[in-house]
Amino acid sequence: MPDVLRVGLIAGLAGTAAEAGTARLGRRLIGTDALVYDPARLAARLTRHLVGHTLTDRQAAVMGIAMRWSYGPSWGIVAAAVSRSPRRGHVIRRGLALGGVITAFELVMLPAVRATPPLAEWGRGEIVWDAVDASAYGVTVAIGLALRRGCRPGWRWRSPSLSREGV
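Heads up: the sequence shown begins at 47 in this note's numbering, then just goes up one per residue.
The following block contains the structure:
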């Protein structure tokens, strides 16, 4: 398996786990059983819209899990493929930038393909929490990419050959 694919897949899986945790927290804080962009809801709406079939709750839950755990690692692979040298750039800033790209993509594309209701029908908390979820994902992926490429953790990408004193 090519290194960029392996590294991106691992980082994407870690980011997906982080996003799943923040989504659970978001549901509790917002006070809802499922956010408008909950994977099971997305699966049910897409299936109904694209093929005219209504999923059972169990089918929607299974499809949602499959969607989440393929979507997240896919973004991780893309992030690994387009990321610059691990010696430059601020890890947290890179992660937040990735989260911003994903948030923008989701806020435009999910309503456009009818996976969610129009953005005007989303609650303000859901829009904010989508950004929080994507940011948690992005930061986790950025840290994962740094670690898997042999860089020491820290605020900046660092080469393993550099000492902390010299940085």
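All C-beta atoms, glycine included, are put in the ideal place defined by N, C-alpha and C.
Compare the C-alpha of residue i against each of the options and name the closest.
i	options	result
residue 144	66, 113, 105 and 191	191
residue 156	61, 95 and 56	95
residue 142	85, 184, 170 and 49	184
residue 59	162, 119, 124 and 186	119
residue 173	188, 136, 146 and 116	146
residue 137	169, 186, 48 and 104	186
residue 88	74, 112 and 169	112
residue 169	67, 103, 78 and 154	78
If you follow the alpha helix (DSSP H) that residue i is in, where does it begin and where does it stop?
i	result
residue 82	Residue 82 -> no alpha helix (DSSP H), and no H or E assigned at all.
residue 119	103-128
residue 61	49-76
residue 161	From DSSP, residue 161 is part of no alpha helix (DSSP H); its letter is neither H nor E.
residue 180	170-194
Rounding to the nearest angstrom, what Cα-Cα distance links residue i and residue j in this structure?
i	j	result
residue 178	residue 109	23 Å
residue 160	residue 152	11 Å
residue 121	residue 182	13 Å
residue 164	residue 51	34 Å
residue 126	residue 65	18 Å
residue 206	residue 194	Confidence in residue 206 is poor, its pLDDT being 45 and thus under 50, which makes the residue's placement too unreliable to answer from.
residue 70	residue 115	15 Å
residue 63	residue 84	14 Å
residue 128	residue 117	17 Å
residue 74	residue 48	40 Å
Among the residues of its own chain, which have a CB less than 7 Å from the CB of residue i, if the five just before and after it don't count?
i	result
residue 90	101 and 106
residue 175	72, 76 and 81
Among the residues of its own chain, which have a CB less than 8 Å from the CB of residue i, if the five just before and after it don't count?
i	result
residue 167	82
residue 123	50, 51, 54, 55 and 58
residue 99	93
residue 148	121, 180, 183 and 184
residue 103	86
Within the same chain, show all residues whose beta-carbon is closer than 6 Å to that of residue i, passing over the 5 residues directly before and after it, in chain order.
i	result
residue 171	76
residue 188	137, 140 and 141
residue 86	106, 107 and 110
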